[in-house]
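Protein chains in written order, with my numbering: chain A, 1327 to 1701; chain B, 1327 to 1701; chain C, 1327 to 1701. Where a beta carbon is used, it is the ideal one built from N, C-alpha and C, also for glycine.
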Amino acid sequence: MLSAGKNRTLTQVGAGTPMGGFLRRYWHPVAALSEFEKSAIKPVRILGEDLVVYRDLSGTVGLIARHCRHRAADLAYGYVEQSGLRCHYHGWTYDEKGHCIAQPFEEKFDPQGRLKKRIRTAAYPVQEKAGLLWAYLGPQPAPLLPDWEPFSWKNGFVQIVFAEVPCNWLQAQENSIDPVHFEWMHENWSLPNGFFLGEHFEWRVPVDDENMLSVTWSFIRVPKEAEPYEQKSIPAWTAPIRDPQTGRWITSHVINQDIVAWVGQGRIADRTKENLGASDRGISLLRKQLFKDLSAVASGKDPKGLIRDAKANRQVELPNIGRKLYTEGMTLAQYREHPFWSRLLEDFRWHYGQPEEVRREFREAMGLEAESSSR
Amino acid sequence: MLSAGKNRTLTQVGAGTPMGGFLRRYWHPVAALSEFEKSAIKPVRILGEDLVVYRDLSGTVGLIARHCRHRAADLAYGYVEQSGLRCHYHGWTYDEKGHCIAQPFEEKFDPQGRLKKRIRTAAYPVQEKAGLLWAYLGPQPAPLLPDWEPFSWKNGFVQIVFAEVPCNWLQAQENSIDPVHFEWMHENWSLPNGFFLGEHFEWRVPVDDENMLSVTWSFIRVPKEAEPYEQKSIPAWTAPIRDPQTGRWITSHVINQDIVAWVGQGRIADRTKENLGASDRGISLLRKQLFKDLSAVASGKDPKGLIRDAKANRQVELPNIGRKLYTEGMTLAQYREHPFWSRLLEDFRWHYGQPEEVRREFREAMGLEAESSSR
Amino acid sequence: MLSAGKNRTLTQVGAGTPMGGFLRRYWHPVAALSEFEKSAIKPVRILGEDLVVYRDLSGTVGLIARHCRHRAADLAYGYVEQSGLRCHYHGWTYDEKGHCIAQPFEEKFDPQGRLKKRIRTAAYPVQEKAGLLWAYLGPQPAPLLPDWEPFSWKNGFVQIVFAEVPCNWLQAQENSIDPVHFEWMHENWSLPNGFFLGEHFEWRVPVDDENMLSVTWSFIRVPKEAEPYEQKSIPAWTAPIRDPQTGRWITSHVINQDIVAWVGQGRIADRTKENLGASDRGISLLRKQLFKDLSAVASGKDPKGLIRDAKANRQVELPNIGRKLYTEGMTLAQYREHPFWSRLLEDFRWHYGQPEEVRREFREAMGLEAESSSR
């Protein structure tokens, strides 16, 4: 049980709050690279801030404030240029550092560009890794974007799944450390708002106090027969979590079932009313660690798990009992005999709603399409 | 016209409010038995409290708080056991008295079950009658669940219709006592938030201050040719009240038309602005009686209409000018000549949206299907 | 940049606010005459007031408060009578002056109609012109409803398009005076919340502080071959502005693109954060003029642009560089060669969503249907 004050401390994510400050010390996945094949601009809301991710025509990716500094028009409806993002309203253009680099009408009156030089908009660093675009909203110098080992595994079919979940991120994170998952989490504090389960990551990116973006990165090793396999583009899709007919949460898939636990606690779980027992010590440990990290940040130190040494940031291993499979592979026959993996051949069991084209790409990568068409 | 304070007194239904206390002295229909043929758990909100009704595998019906006492997971997504309702999150299981009877993970650490013994959740008595499940949220000893006479009528096709209406319950109740219905209501105060019209009941179960659940129990006597008729299961359905295309309230059926009057007054009617005339004395009488009942409850007495004498609770008659028909019956030919009842053969005139399967069951009970298939 | 207080002054439209008082000095289009061919009653919300426009069986048009003075039932579900609008609840009937002219139940108890005589509901003048119904919510004497010259143009196909836009009206008006439109606006202050572009009008009728009704009146001259053309009824339709699939604003048509600029600034633009430059002097001039008008109204004077002299109110000209075309016409061949007008033959470029029947009427009027069917 927590006091109302401590519950607020653990759940507020805005700029200027203790937890908001802590979470800003980490890199967060906010988009997938492949999303930009269809549309060059994606509006995102992270840690209570309204932003847009864009990729300009030169390939530079930027993450800047969503509303134009001129008269607050919505840059999600802007246009990408050779360099930068142009507002659809009066053409003010920004680069990825937040500089205003064009003001077409104003330049006629003010050829020296005095107003232009004065304007700065919020801009944050973005890096690409493992098919994801990662954002850092904290103070400089930024830590390194972790190079988790699975990101280098070969011969894998990777997919990225987003889900917009209407509750505070901590409910998901506490779910990961409860009795079932306690042992693993105990030895692995590297991901304050993430979770690694042997072949998939889940990150719980705080959107604001009452919403989060669940990001799943799933690796499935192709059978030995299909090796060598190189994935051209990592597909990304958004999973629905509610049945539009009944209004009920979807419960058919693994992460969907978890989501019911998270959102069932309300937008922000009222931890003043919980009844924790001896089996909930993982929860207590997690909170204790978070409060310790908040103290560290308050006193100007790094919280746990940041990587600042480039040499240490090479294929960083995470606890993983199934590592042999992901690094060595198995045959299709072995897949079919495997109690757990055999099911993955039939259905993407993590999330409901896999689009047909992703399913087809997966089956092709696994050599299942060829097989069925040759029958 | 009422003062703002009196309007609040008459419309607040939460625990601890005068009207909330008064309404808690009565049994309220909250679900239909037949709903549990499809799904064992139904979330309900009554008098501002979030609850679930469930029927466990032994057939026991319970009504308990919707959120688990452990960490507030949503029991609407739980599982019914041989005895009790199990939370989907960590398996805490409750019986219909609100006792926690299992805590799987915790029991490993605490085999004596100390935490389990300490936990109690809100639990309320439920009784079944006339195909409905009735809840009592008030203090003990509870009054008797009224055994209204129509519940014992023979040879009837009964159906139960729910409608979720976005306004305070009192607007519906005041509608029933206005000029058109005044005479009847005057002699019949037994149903503080209900209404009986000769062959159907309507109850206006307060969901919270701004919403109510309209529950209709409709009896239609089968023609003499179809006697004897015994209904196996009383169907229940939920009537839509708004046209999704236009956003307008549906006005094609009788109770739908009433609903337009209720919701048209706003979520909570502003009675400080009304202009009552001599024709509105029913309204004034109703409010006077309600204030009298609030005083009775405040001074520890029973409000009007409670039944506590089992001998008096046998097929309790209500004023009914059409009683002869419902107890004696008529032939199909007489039905067809009847100015009012003839229309019921064609359409369920009370509520829009009767499902096709209910219509078919009705026509079979009435002997109309046999007739049309023999043509 | 404005102070928060000045921003509030410019954007609040309710009764009793300075801007609400100013806007109430003008006539506002609130409905189209042809809407009343299908339905006799239209609920509208203007300047923060909930009202209904109705046309009774004698043809009189009224604009009165939406909620009945008896017990607040919704008159949008009432019935029009030979004279006046009758409430569906207890039959109270109102005329276009706001008098209560019938109280069926009450009259039995109070044959002298004392209550009836006492009741007055809000009622505002309405006038018809150019296929539109115009409302005046200000103090008497009302100014004249302007007789803009285009309303008298001959041989035109006119259509009226409504769009419900979820932002304050001033964002639309400021959009019209920004760099692109500045020159025109400078010489033409006649329309405080409207805009004339040579062949179409746009009015931005304030619904409340956070919503507006965009009303477009579009004139297209038929080709000389189709003259003389007389339009029997001016069609009116409501344009969707958001794609229901993606949730994104529609951007395919001209006014839709403008709407993205308006709503992108938020419900009420935060003008304390804007960065105006030399190219934004139109914005400053507009605000200056508005503040001047607010002062005029506060000191009991007329704001700019009211017409009170009937002689001056005859086909009032507005600046119009394309006036020759609209008054003299051109041939179909000339249309097809015209860089701008040729496109209008293919698509109604102002608003997305033109209904098929309006498109057919337009093509018939233009002589395009005959042409295509003769091929």
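### Cα-Cα separation between D1596 (chain B) and E1500 (chain A), rounded to whole angstroms
45 Å
### Query
S1544 (chain C): buried (16+ other C-beta within 10 angstroms of its C-beta) or exposed?
buried
### Message
Below 7 Å on C-beta distance, what does A1604 (chain A) contact in chain D?
### Response
Of the chains in the structure shown, none is chain D; the protein chains are A, B and C.
### Close-in-space but distant-in-sequence residues of the same chain around W1529 (chain B) (CB under 6 Å, 5 per side omitted)
Taken in chain order, the residues that qualify are P1355, G1520 and V1541.
### Query
If we call anything under 7 Å between Cβ atoms a contact, is Y1450 (chain B) one with N1582 (chain B)?
Their beta carbons are not under 7 Å apart, which means Y1450 (chain B) does not touch N1582 (chain B) by this criterion.
### Task
Helix, strand or coil for P1355 (chain B), going by three-state DSSP, please let me know.
Correct three-state label for P1355 (chain B): strand.
### Task
State the DSSP-derived secondary structure class of G1548 (chain A), mapped to helix, strand or coil.
Checking the sequence shown, residue 1548 (chain A) turns out to be Val, not Gly. Three-state result, V1548 (chain A): coil.
### Query
Does V1586 (chain B) get closer than 7 Å to chain C when you measure Cβ to Cβ?
With respect to chain C, the C-beta atom of V1586 (chain B) has a partner C-beta closer than 7 Å.
### Task
Note down, in chain order, each residue of its chain lying with its Cβ closer than 7 Å to the Cβ of V1533 (chain A), except the 5 sequence neighbours on either side.
R1371, I1372 and L1539
#### Entry: Where D1534 (chain B) meets chain A, residues with beta-carbon distance less than 7 Å
The premise fails here: D1534 (chain B) is roughly 16 Å from chain A at the closest Cβ pair, so nothing lies under 7 Å.
#### Entry: Three-state class that DSSP yields for M1656 (chain C) in the structure shown
coil
### Query
Between R1640 (chain C) and A1622 (chain C), what straight-line distance do the alpha-carbon atoms span, to the nearest angstrom?
If you take the alpha carbons of R1640 (chain C) and A1622 (chain C), they lie about 26 Å apart.
### Task
Name the one or two DSSP bridge partners that Q1583 (chain C) has.
None, per the DSSP bridge assignment.
### Message
Tell me whether the region 1464–1479 of chain A and the region 1564–1578 of chain A touch, counting them as touching only if at least three CB pairs, one residue from each stretch, are closer than 8 Å.
### Response
no
#### Entry: Cβ separation of A1399 (chain C) and A1604 (chain B), assumed to be a contact under 8 Å, to the nearest whole Å
Incorrect: roughly 19 Å between the Cβ atoms, too far for contact.
### Query
Just the Cα atoms here: how many angstroms apart are T1419 (chain C) and C1413 (chain C)?
6 Å
### C-alpha gap between L1349 (chain A) and A1357 (chain C), whole angstroms
Straight-line Cα distance between these residues: approximately 52 Å.
### Task
May I ask you to report which of helix, strand or coil DSSP gives Q1485 (chain A)?
strand
### Task
Have a look at the DSSP bridge pairing and note the partners of A1391 (chain B).
In the DSSP secondary-structure assignment, A1391 (chain B) is bridged to B:L1377.
#### Entry: Identity of the residue in B:T1386, B:V1339 and B:A1636 nearest L1463 (chain B) by Cα
B:V1339
### Boundaries of the beta strand (DSSP E) in which G1520 (chain A) is found, first to last residue
G1520 to F1522
### Query
Touching or not, the region 1486–1501 of chain C and the region 1552–1571 of chain C, by the rule of three or more beta carbon pairs under 8 Å?
yes
### Message
Please report whether the beta-carbon of Y1415 (chain A) lies at a distance below 7 Å from any beta-carbon of chain C.
### Response
Interface residue, yes.
### Interface positions of the region 1379–1398 of chain C facing chain B (Cβ-Cβ less than 8 Å), listed along the chain
For the region 1379–1398 of chain C, which is checked against every Cβ of chain B, the residues closer than 8 Å are H1393, R1395, H1396, R1397 and A1398.
### Query
How many angstroms separate the CA atom of E1714 (chain B) from the CA atom of Q1497 (chain C)?
The displayed coordinates of chain B run from 1327 to 1701. Any statement about residue 1714 (chain B) would go beyond what the structure contains.
### Query
What residue range is occupied by the uninterrupted beta strand (DSSP E) comprising W1667 (chain B)?
Taken as a continuous stretch (DSSP letters only), W1667 (chain B) belongs to no beta strand (DSSP E), being part of the alpha helix (DSSP H) at W1667 to E1672.
### Task
Assign R1692 (chain C) to one of three DSSP states: helix, strand, or coil.
The amino acid occupying residue 1692 (chain C) in the given sequence is Met; Arg does not appear at that position. DSSP places M1692 (chain C) in coil when its eight states are reduced to three.
#### Entry: Span separating the alpha-carbon of Q1429 (chain B) from that of L1523 (chain A)
26 Å
### Query
In terms of residue numbering, what span does the alpha helix (DSSP H) encompassing K1332 (chain C) cover?
Per DSSP, the continuous alpha helix (DSSP H) segment holding K1332 (chain C) begins and ends at A1330 to T1337.
### Query
For F1688 (chain C), which of C:S1365, C:P1629 and C:I1486 has the nearest alpha-carbon?
C:I1486
### Message
Please list, in chain order, the chain C residues whose beta carbon lies closer than 9 Å to that of Y1403 (chain A).
### Response
R1574, W1575, T1577, Q1583, V1586, A1587 and G1590
### Query
If you compare alpha carbons, which of A:K1550, A:S1329 and A:L1441 is closest to G1655 (chain A)?
Of the listed residues, the one whose Cα sits closest to G1655 (chain A) is A:K1550.
### Task
Consider the Cβ of D1376 (chain B): report whether some Cβ of chain A lies at a distance smaller than 7 Å.
no
### Query
With A1391 (chain B) and A1448 (chain B) assumed to form a contact (beta carbons below 8 Å), what rounded beta-carbon distance in angstroms separates them?
4 Å
### Task
Using a cut-off of 9 Å between C-beta atoms, extract the partners of P1571 (chain A) located in chain C.
Here residue 1571 (chain A) is Gln; the residue named in the question, Pro, does not match the sequence. Close to Q1571 (chain A), with beta-carbon spacing below 9 Å, lies no residue of chain C; the smallest spacing is near 16 Å.
### Task
Identify which residue in B:G1424, B:L1441, B:R1444 and B:R1440 has its Cα closest to the Cα of V1452 (chain B).
B:G1424
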